[in-house]
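Undergrad: Right, I'll just put the structure down here and ask away after.
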């Protein structure tokens with residue numbers, strides 16, 4: 001039988017459906033489950049699976065929390081919301097066909113209210129700012145400690161907002177025994193083409209100068225048998241004349257210090273605020289760099305395979321040290337001003353370990369202005385709070401509501 005590369009193997013998708021549970025059915029303590037949750041271990045807390053090339057690392061005292069925003073009173077949540085199964089191919093494949101659940105409004109209940117407008121909270125971005133401010137300050141102190149303790153890597157803190165859907169794991173029977181607060185969750189960032197067009201054409205130009213030329217990026221993820229808990233990410237550019245990749249940056253997997261998932265009940269999309277650190281490797285030996293470059297150089301550009309890259313048989317590893325475990329190819333459009341950077345990207349990914357590929361569209365808003373302010377040790381002044389509120393208002397006014405989001 002002829003060898004079939006992992007990129008071209010196929011799997012059979014399962015399918016399943018279940019009636020949507022209501023928040024009341026989750027637990028008698030559902031209302032209490034809405035309060036925030038913090039964690040202090042290094043495990044993946046938002047639903048990532050094992051056996052994937054992208055490992056997710058958390059700092060020792062990382063904070064991970066979820067809360068809803070939108071309704072003017074907590075007491076309305078039980079009657080005004082429901083959990084709705086939605087179809088997400090990548091999620092269902094990993095879960096054996098079980099559909100994830102999304103927290104949504106019961107619109108017919110809202111229409112029955114005498115004053116529909118009074119159902120919704122005003123200035124929701126201020127509510128979010130107040131509920132993440134102290135966690136952000138605490139997490140940044142952890143970032144500073146990481147920056148001081150690392151001499152072999154360059155640690156770069158990044159604060160981002162991401163847009164998509166919060167997906168709660170498990171079917172109805174699972175959620176009956178727990179609460180949303182303690183349920184595993186995934187933040188699904190794949191958005192529609194019409195949404196990315198709206199961001200590029202209408203929102204991006206408001207922020208600053210548009211980088212007109214689309215940037216093309218390749219990322220090759222490697223495992224290292226000397227450090228099985230880490231992933232090496234190799235960022236590459238394409239040398240078009242030679243049709244070869246050129247390595248320009250090597251990073252270890254990111255470390256998350258704060259993840260705040262916000263169910264935006266009266267919007268089309270949910271919000272994730274995340275503070276993490278990139279770790280740019282500085283201390284590789286000449287032989288290590290040579291082996292990694294040889295792996296990159298042996299890649300073959302192939303638009304017909306997931307991720308856009310493939311390796312000839314036997315060349316996707318370097319001796320007994322490094323092996324290719326994932327690839328992705330992305331085109332990126334950027335907008336920026338001194339305090340905000342917006343990236344809209346189309347990404348084509350393939351994971352060698354799970355033999356699964358996915359094409360996705362993503363919108364990421366970076367907030368370097370806030371990070372720079374915190375790095376100047378101005379953690380207690382009013383300007384930090386005002387910057388956070390201002391950025392969240394920008395998000396509320398432009399990024400979460402779009403008529404043709406589905």
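Residue numbers (full-length UniProt numbering): 1 to 406. Glycine included, each C-beta is placed from N, C-alpha and C at the ideal position.
Less than 8 Å between the beta carbons of residue 264 and residue 258, yes or no?
TA: Residue mapping note: residue 264 aligns to position 264 of the chain shown, counting from 1. Residue mapping note: residue 258 aligns to position 258 of the chain shown, counting from 1. Against a cut-off of 8 Å, the Cβ pair of residue 258 and residue 264 comes out as no contact.
Undergrad: Tell me the residue span of the alpha helix (DSSP H) that contains residue 377.
TA: Counting from one through the chain shown, the residue named residue 377 turns up at place 377. It is not in any alpha helix (DSSP H) - residue 377 carries neither H nor E in the DSSP assignment.
Undergrad: Which of helix, strand or coil does DSSP assign to residue 94?
TA: Here residue 94 refers to the residue found at position 94 when the chain shown is read from its first residue. Reduced to three states, the DSSP call for residue 94 is helix.
Undergrad: In the DSSP assignment, the alpha helix (DSSP H) including residue 294 goes from what residue to what residue?
TA: The residue labelled residue 294 in the question sits at position 294 within the chain shown. Start and end: 286 to 297.
Undergrad: With DSSP run on the structure shown, which of helix, strand or coil describes residue 119?
TA: Translated into the one-based positions of the chain shown, residue 119 becomes position 119. Here residue 119 sits in helix by DSSP.
Undergrad: Assuming residue 81 and residue 101 are in contact, meaning their beta carbons sit under 8 Å apart, how far apart are those beta carbons, in whole angstroms?
TA: Residue 81 sits at position 81 when you count from the first residue of the chain shown. Residue 101 sits at position 101 when you count from the first residue of the chain shown. The Cβ separation is near 11 Å, so there is no contact.
Undergrad: Over the uninterrupted beta strand (DSSP E) stretch that includes residue 333, give me the two end residues.
TA: Here residue 333 is taken as the residue at index 333 of the chain shown, counted from 1. Residues 322 to 336.
Undergrad: Can you tell me whether DSSP reads residue 352 as helix, strand or coil?
TA: As a first step, residue 352 must be located in the chain shown, where it is residue number 352. Residue state, collapsed to three classes: coil.
Undergrad: Report the residue ranges of all alpha helix (DSSP H) runs contained in full by the stretch 198 to 253; include only those spanning at least 4 residues, in chain order.
TA: Runs of the alpha helix (DSSP H) inside the stretch 198 to 253: 204 to 207.
Undergrad: Give a yes or no on contact between the stretch 233 to 241 and the stretch 341 to 353, applying the rule of three or more CB pairs nearer than 8 Å.
TA: Contact between the stretch 233 to 241 and the stretch 341 to 353 is absent, because fewer than three Cβ pairs lie under 8 Å.
Undergrad: Straight-line CA distance for residue 326 to residue 250?
TA: In the chain shown, the residue the question calls residue 326 occupies position 326. In the chain shown, the residue the question calls residue 250 occupies position 250. So the alpha carbons of these two residues sit roughly 15 Å apart.
Undergrad: Are the stretch 363 to 382 and the stretch 220 to 227 touching by the rule of at least three beta carbon pairs closer than 8 Å?
TA: No: fewer than three Cβ pairs fall under 8 Å.
Undergrad: Determine the burial state of residue 320: buried for a count of at least 16 other Cβ atoms within 10 Å of its Cβ, exposed for fewer.
TA: Taking the chain shown and counting its residues from 1, one reaches residue 320 at position 320. Exposed is the call here.
Undergrad: Grab the span of the beta strand (DSSP E) containing residue 164 for me, first residue to last.
TA: Counting from one through the chain shown, the residue named residue 164 turns up at place 164. First-last of the beta strand (DSSP E) with residue 164: 153 to 168.
Undergrad: Among all the DSSP beta bridges, which residues are the ones paired with residue 255?
TA: Taking the chain shown and counting its residues from 1, the one referred to as residue 255 is at position 255. 57, 277.
Undergrad: Are the stretch 152 to 159 and the stretch 277 to 293 touching, with three or more C-beta to C-beta distances below 8 Å?
TA: At 8 Å Cβ cutoff, the stretches touch.
Undergrad: Within 10 angstroms of its Cβ, does residue 68 collect 16 or more other Cβ (buried), or is it exposed?
TA: Counted from its first residue, the chain shown places residue 68 at position 68. Buried, since its Cβ has 16 or more Cβ neighbours within 10 Å.
Undergrad: Which one or two residues does DSSP pair with residue 357 in a beta bridge?
TA: As a first step, residue 357 must be located in the chain shown, where it is residue number 357. For residue 357, which the question treats as bridged, DSSP gives the partners 350.
Undergrad: By the three-class DSSP mapping on this structure, what secondary structure does residue 128 have?
TA: Looking up residue 128 in the chain shown gives position 128. Reduced to three states, the DSSP call for residue 128 is helix.
Undergrad: Going by other Cβ atoms of all chains shown within 10 Å of its Cβ, with 16 needed for buried, is residue 96 buried or exposed?
TA: What you label residue 96 is simply residue 96 of the chain shown in a count that begins at 1. Label assigned to residue 96: exposed.
Undergrad: What does a CB cutoff of less than 7 Å around residue 208 pick up in its chain, not counting 5 residues either side in sequence?
TA: Position 208 of the chain shown, counted from the start, is the residue given in the question as residue 208. The residues are 335, 336, 337.
Undergrad: Answer with buried or exposed for residue 193, where buried requires no fewer than 16 other C-beta atoms within 10 angstroms of its C-beta.
TA: Numbered from its first residue, the chain shown carries residue 193 at position 193. Residue 193 comes out exposed.
Undergrad: May I have the straight-line CA-CA distance separating residue 309 from residue 300, to the nearest angstrom?
TA: Mapped onto the chain shown, residue 309 falls at position 309. Mapped onto the chain shown, residue 300 falls at position 300. Approximately 6 Å, taken between the alpha carbons.
Undergrad: Cβ of residue 187 within 8 Å of Cβ of residue 166?
TA: Within the chain shown, numbered from 1, the residue matching residue 187 stands at position 187. Within the chain shown, numbered from 1, the residue matching residue 166 stands at position 166. Yes, these two residues count as a Cβ contact at 8 Å.
Undergrad: For residue 340, which residues from the same chain have a beta carbon less than 6 Å from its beta carbon, with the 5 sequence-adjacent residues on both sides left out?
TA: Taking the first residue of the chain shown as 1, we reach residue 340 at position 340. Same-chain partners within the cutoff: 207.
Undergrad: Below 8 Å on the Cβ atoms is my contact criterion, and I expect residue 125 with residue 396 to pass it. Report the Cβ-Cβ distance as a whole number of Å.
TA: Position 125 of the chain shown, counted from the start, is the residue given in the question as residue 125. Position 396 of the chain shown, counted from the start, is the residue given in the question as residue 396. Rounded, the Cβ-Cβ distance is 5 Å, consistent with contact.
Undergrad: To the nearest angstrom, how far is the alpha carbon of residue 180 from that of residue 394?
TA: Start at 1 with the first residue of the chain shown, and residue 180 comes out as number 180. Start at 1 with the first residue of the chain shown, and residue 394 comes out as number 394. C-alpha separation (whole angstroms): 28 Å.
Undergrad: Put residue 393 into one of helix, strand or coil per three-state DSSP.
TA: For the purposes of this step, residue 393 is taken as residue 393 along the chain shown, with counting starting at 1. Helix.
Undergrad: Nearest-angstrom Cα distance between residue 368 and residue 86?
TA: The sequence position of residue 368 within the chain shown is 368, counting from 1. The sequence position of residue 86 within the chain shown is 86, counting from 1. C-alpha separation (whole angstroms): 34 Å.
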